[in-house]
Amino acid sequence: MKMAQRIATASLLLAFFLPAQSYGAASEWVTSPGGAFRIVASHPNPGGIIPAILEVRLNPGWKTYWRDPGASGIPPQVTLDPSGGVSLRSIRFPVPKTFGEGPGRYTGYDAPVAFPLILRKTGNGGDVTIRASVFLGICEDICIPVQGDVTLALKSGEFDNPLDGARIEKALSALPEQPSENFRVVTSKFDASAGMLRLEFVVPPDAAAGPADLFLAGPSGVFFGAPVFHDAQGAERRADVPVKLSGKDKNVAGKPITLTLRAGSRSMETTLAFD
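Taking our numbering, the leading residue of the sequence shown gets 323, the next gets one more, and so forth.
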């Protein structure tokens, strides 16, 4: 009896100190000539938030696009059926790469990628059903639009493969970090006469010896050219980014611009606002 009590106590302590496992469930894959996609989601947390990802599997030689894909690409779009009791709050993006030059320049990914989705439970019941229509572009030589519908049920008390939860956590950890004292934009100004965004920023000390890369995305009607980097001074960097504004409004005032900065193995993301 004493031995059984010791084993039970040891098991309880082990369960207490082990990290909690994250579980999730996955939809079926929707396939296309260049790859496939699906949605993976975890059960709602006490606040009703449902962590999830849009997972895109690419065949060798194929690519998909970032939030600002360039002149001819298609960014990933997810539309939820509200009857499932779930709404989409945001879709987030890991740092991309740049492909091509000139008018054919675009940003995206040439390897399997996962886009974190922040979903919210809107119903009062314990079960939710994610019914999503996904639209994205993939390309080999030209962009091909891909559309498909996925369904994923999250039932109270039922769990799927814990590897699905690990996929969500991995995708979240791959997102750009928040600005910090040694990794941030110092100044950002729009030179309307030159059509340039003038940026000064600092990169982490361990990335000061290497190059940096910038990616910008704005609202409809705001287009960005390739950044022009100036001579680096230690961790300090300067860059000018051509900006083209369509329509009569030729200023960026009131237009939030998302900036993603990569330096070495790290990336940072922030929002620029102009008065």
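Think of the CB as a built atom: it goes at the ideal place given N, C-alpha and C, for glycine as much as any other residue.
- [ ] Under 6 Å Cβ to Cβ from PHE545, same chain only, skipping five residues before and after it: list those, please.
- [x] Taking the first residue of the sequence shown as 1, we reach residue 545 at position 223. The residues are LYS566.
Open item on the list: I'd like the list of long-range same chain contacts for PRO498, defined as Cβ closer than 7 Å, with 5 residues on each side in sequence excluded.
Closed with: If you number the sequence shown from 1, residue 498 lands on position 176. Excluding residues within five positions, the ones whose Cβ falls inside 7 Å are VAL417, THR582, SER589, MET590, GLU591.
Task: Residues that THR473 bridges to, as DSSP identifies them - done: Position 151 of the sequence shown, counted from the first residue, corresponds to residue 473. Paired residues: ARG453.
Open item on the list: Which same chain residues end up closer than 8 Å to SER542 when comparing Cβ atoms and leaving out the 5 residues on each side of it in sequence?
Closed with: The sequence position of residue 542 within the sequence shown is 220, counting from 1. Answer for SER542: no residue qualifies.
Open item on the list: Tell me which residues share the same chain as ILE396 and place their Cβ nearer than 8 Å to its Cβ, disregarding the 5 neighbours each side in the sequence.
Closed with: Locating residue 396 in the sequence shown gives position 74, where the first residue counts as 1. Apart from sequence neighbours up to five positions away, the residues of its chain that approach ILE396 with a beta-carbon distance below 8 Å are TYR387, PHE457, LEU458, GLY459, CYS465, PRO467, ordered along the chain.
Task: Inter-residue spacing [alpha-carbon to alpha-carbon] between GLN469 and GLY422 - done: The residue given as residue 469 occupies position 147 in the sequence shown. The residue given as residue 422 occupies position 100 in the sequence shown. Within the model, the alpha-carbon separation for GLN469 versus GLY422 is close to 25 Å.
Task: Collapsed DSSP secondary structure at SER542 in the structure displayed - done: Walking along the sequence shown from the start, residue 542 turns up at place 220. Of the three classes helix, strand and coil, the one that applies to SER542 here is coil, per DSSP.
Task: GLN343 burial status per 10 Å Cβ neighbour count (16 or more: buried) - done: Within the sequence shown, the letter at position 21 stands for residue 343. In this predicted model, GLN343 has a pLDDT of only 41, less than 50, meaning its place in the structure is not dependable enough to derive any value.
Open item on the list: Between ALA375 and LEU476, how many whole angstroms is the CB-CB distance? I'm expecting something under 8 Å.
Closed with: Taking the sequence shown and counting its residues from 1, the one referred to as residue 375 is at position 53. Taking the sequence shown and counting its residues from 1, the one referred to as residue 476 is at position 154. Per the sequence shown, the amino acid found at residue 375 is Ile instead of Ala. That belief does not hold up - the Cβ atoms of ILE375 and LEU476 are roughly 14 Å apart, past 8 Å.
Open item on the list: Given this structure, state the Cα-to-Cα distance separating LEU485 from VAL362, to the nearest angstrom.
Closed with: As a position in the sequence shown, residue 485 is number 163, starting the count at 1. As a position in the sequence shown, residue 362 is number 40, starting the count at 1. Near 10 Å, if we compare the C-alpha coordinates of VAL362 and LEU485.
Task: CB contact flag (THR509, THR473, <8 Å) - done: If you number the sequence shown from 1, residue 509 lands on position 187. If you number the sequence shown from 1, residue 473 lands on position 151. Not closer than 8 Å, so no.
Open item on the list: Among ALA358, PRO373, TRP384, ARG442, whose alpha-carbon lies nearest the alpha-carbon of PRO404?
Closed with: For the purposes of this step, residue 404 is taken as residue 82 along the sequence shown, with counting starting at 1. Residue nearest to PRO404 within the set ALA358, PRO373, TRP384, ARG442 is ARG442 (criterion: CA-CA distance).
Task: Whole-number beta carbon distance between LEU538 and ASP390, since they are thought to touch under 8 Å - done: In the sequence shown, counting from the first residue as 1, residue 390 sits at position 68. In the sequence shown, counting from the first residue as 1, residue 538 sits at position 216. Right, the Cβ-Cβ distance comes to about 7 Å (below 8 Å), so this counts as a contact.
- [ ] Would you give the residue range spanned by the alpha helix (DSSP H) that PRO484 belongs to?
- [x] As a position in the sequence shown, residue 484 is number 162, starting the count at 1. Per DSSP, PRO484 belongs to the alpha helix (DSSP H) from 484-495.
- [ ] Would you kindly work out how many angstroms separate the C-alpha atoms of VAL435 and ILE413, rounded to a whole number?
- [x] Mapped onto the sequence shown, residue 435 falls at position 113. Mapped onto the sequence shown, residue 413 falls at position 91. In this structure, the straight-line span from the alpha carbon of VAL435 to that of ILE413 is close to 13 Å.
TODO: Excluding the 5 residues preceding and the 5 following GLY357 in the sequence, name in chain order all residues of the same chain whose CB lies nearer than 7 Å to its CB.
DONE: By 1-based counting over the sequence shown, the position of residue 357 is 35. Once the five neighbours on either side are set aside, the close Cβ partners of GLY357 are VAL378, ARG379, LEU380, ASN381, TRP384, ILE460.
Task: VAL524 and ALA557 closer than 8 Å at C-beta - done: Position 202 of the sequence shown, counted from the start, is the residue given in the question as residue 524. Position 235 of the sequence shown, counted from the start, is the residue given in the question as residue 557. When the beta-carbon positions are compared, VAL524 and ALA557 come within less than 8 Å of each other.
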